[in-house]
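J.:
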C-alpha cells in the first residue's frame with residue numbers, strides 16, 4: 002500500500018502529464034485552426050468528367066468558384082455536352098466542404114433544375130462533386146481539378162459573377178448597324194497573365210469558353226477568349242472596364258467585328274475569401 006505522501010506525489014505527476022497532453026492537443030488544434038482560417042481559397046475554375054445515374058450518362062462539368070458568403074452567389078456551372086448551366090449559391094460550409102444550390106440560367110429543357118451540390122476537398126488537391134435533387138432520383142459524381150493556379154494579378158473588386166446584354170456592331174458601307182441583343186454570363190476568378198482567369202457563357206447561343214488573361218490593372222482587364230464548346234466565333238479579345246457605379250463595360254473584338262454591353266454583378270462580394278480550408 003502506498004503512503005499518503007507517495008499518493009499525493011503520484012497524483013501530482015499524473016495531473017502534470019494530463020495537463021501537458023491537453024496543452025499539446027490544444028496547441029495542435031490551434032495550429033490546424035490557423036491553417037484553416039488563413040489558407041488560400043477554393044476560388045478558381047474546376048473541371049472534370051461527371052458520371053450520372055438514372056438516367057446513366059457521362060458529361061463534362063466546369064465550375065467557376067468566386068469569393069462570397071453564405072447566402073450569396075459564389076459560382077457558375079457549365080455542362081457543354083448538355084448545353085445548360087447555371088449559378089451556385091453557397092448555403093453552408095465546414096472545414097472540408099462547400100454546400101451549394103444550383104439554379105439553371107439556360108438549358109432548362111435539357112437539364113434538371115435546383116440541384117444540390119457538395120464540393121469536398123480531397124488530399125490530392127482535387128474536389129469531389131456530389132449532385133442530387135429533392136425533385137428527381139438522379140445523382141451525379143465527379144472529381145474536379147483546378148484549371149488555374151493560386152497566384153493572382155486581378156484586383157479583388159473584379160472577382161465575381163457578372164451578366165448582362167451585349168449587342169453586335171457591324172459596319173455596312175460606312176453605316177453602323179446594331180445587331181440584336183444577346184445575353185452574356187461571365188465569371189472572374191484569380192489568375193495571372195497568360196493563364197485561364199475566368200470563363201464566359203453565351204446562353205442564347207449555347208456556347209462559351211475560357212478567358213486567358215492578357216493584362217490587368219485596378220480598373221481594366223484584358224482577355225483572349227477561347228471557345229471550348231458551341232459554334233461561337235473563336236479568338237476574340239475582351240476588355241472589361243470597371244465603372245464608378247460598379248458595373249463593367251464589356252467590349253469584344255475580332256478584326257472588323259465588335260460587340261459591347263454593360264455587365265452587372267450577380268454575386269455579392271461581402272468578403273474577399275471563401276470560408277474554406279487550404280487545398281494542401
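In this note's numbering, the protein residues as written are 2 to 281.
For every residue, glycine included, the Cβ atom is placed at its ideal position computed from N, Cα and C.
As the structure is a prediction and not an experimental result, all values here were calculated from the model.
1. Sorted by chain position, which residues of the same chain lie with C-beta nearer than 7 Å to residue 219's C-beta, five sequence neighbours on each side aside?
2. How many Å lie between residue 243 and residue 71 at the Cα?
3. Helix, strand or coil, according to DSSP, for residue 186 in the structure here?
4. Counting Cβ pairs closer than 8 Å, one from the stretch 244-263 and one from the stretch 59-70, do we hit at least three?
5. Suppose the cutoff is 6 Å on Cβ atoms and the five residues either side in sequence are ignored; what does the same chain contact list for residue 131 look like?
6. Find out if the Cβ-Cβ distance for the pair residue 195, residue 149 is shorter than 8 Å.
7. Which same chain residues end up closer than 6 Å to residue 52 when comparing Cβ atoms and leaving out the 5 residues on each side of it in sequence?
8. Go through the stretch 82-133 residue by residue and report every complete run of the beta strand (DSSP E) that reaches 3 residues or more, in order.
9. Just list the residues that DSSP pairs residue 208 with in beta bridges.
10. DSSP three-state call for residue 264: helix, strand or coil?
11. Roughly how many whole angstroms lie between the Cα atoms of residue 266 and residue 158?
12. Report the rounded CA-to-CA distance for residue 183 versus residue 207, giving the unit in angstroms.
13. Taking all protein chains shown into account, do 16 or more other C-beta atoms lie within 10 angstroms of the C-beta of residue 161, making it buried, or fewer, making it exposed?
14. When you compare the CB positions of residue 193 and residue 154, do they come within less than 8 Å of one another, or not?
15. Short check: CB of residue 86 to CB of residue 75, under 8 Å?
16. State the DSSP-derived secondary structure class of residue 158, mapped to helix, strand or coil.
17. Measure the CB-CB distance between residue 136 and residue 115 and report whether it falls below 8 Å.
18. Start and end of the beta strand (DSSP E) containing residue 252?
T.: Looking at the atomic coordinates:
1. Against the chain shown, residue 219 aligns to sequence position 218. Counting only Cβ-Cβ distances below 7 Å, and skipping sequence neighbours, we find 156.
2. Here the question's residue 243 lines up with position 242 in the chain shown. Here the question's residue 71 lines up with position 70 in the chain shown. Roughly 25 Å separates the two Cα atoms.
3. Here residue 186 corresponds to residue number 185 of the chain shown, with the count starting at 1. Of the three classes helix, strand and coil, the one that applies to residue 186 here is strand, per DSSP.
4. no
5. In the chain shown, counting from the first residue as 1, residue 131 sits at position 130. For residue 131, where only same-chain residues beyond five positions count, the Cβ hits under 6 Å are 119, 142.
6. One-based indexing of the chain shown puts residue 195 at position 194. One-based indexing of the chain shown puts residue 149 at position 148. The answer is no: Cβ separation not under 8 Å.
7. Taking the first residue of the chain shown as position 1, residue 52 is located at position 51. Closer than 6 Å at the Cβ level, and outside the excluded window around residue 52, lie 59, 142.
8. 85-94, 98-107, 116-122, 127-133
9. Taking the first residue of the chain shown as position 1, residue 208 is located at position 207. Paired residues: 203.
10. In the chain shown, residue 264 corresponds to position 263, counting from 1. Here residue 264 sits in strand by DSSP.
11. Counting from 1 along the chain shown, the entry for residue 266 is found at position 265. Counting from 1 along the chain shown, the entry for residue 158 is found at position 157. Cα-Cα distance, rounded: 10 Å.
12. Within the chain shown, the letter at position 182 stands for residue 183. Within the chain shown, the letter at position 206 stands for residue 207. Those two C-alpha atoms are separated by around 11 Å.
13. By 1-based counting over the chain shown, the position of residue 161 is 160. That one is buried.
14. Numbered from its first residue, the chain shown carries residue 193 at position 192. Numbered from its first residue, the chain shown carries residue 154 at position 153. Cβ atoms of residue 193 and residue 154: closer than 8 Å.
15. Translated into positions along the chain shown, residue 86 becomes position 85. Translated into positions along the chain shown, residue 75 becomes position 74. No, the pair does not count as a contact, with Cβ atoms beyond the cut-off.
16. Indexing the chain shown from 1 puts residue 158 at position 157. Reduced to three states, the DSSP call for residue 158 is helix.
17. Position 135 of the chain shown, counting from 1, holds the residue named residue 136. Position 114 of the chain shown, counting from 1, holds the residue named residue 115. The answer is yes: Cβ separation under 8 Å.
18. What you label residue 252 is simply residue 251 of the chain shown in a count that begins at 1. Per DSSP, residue 252 belongs to the beta strand (DSSP E) from 249-255.
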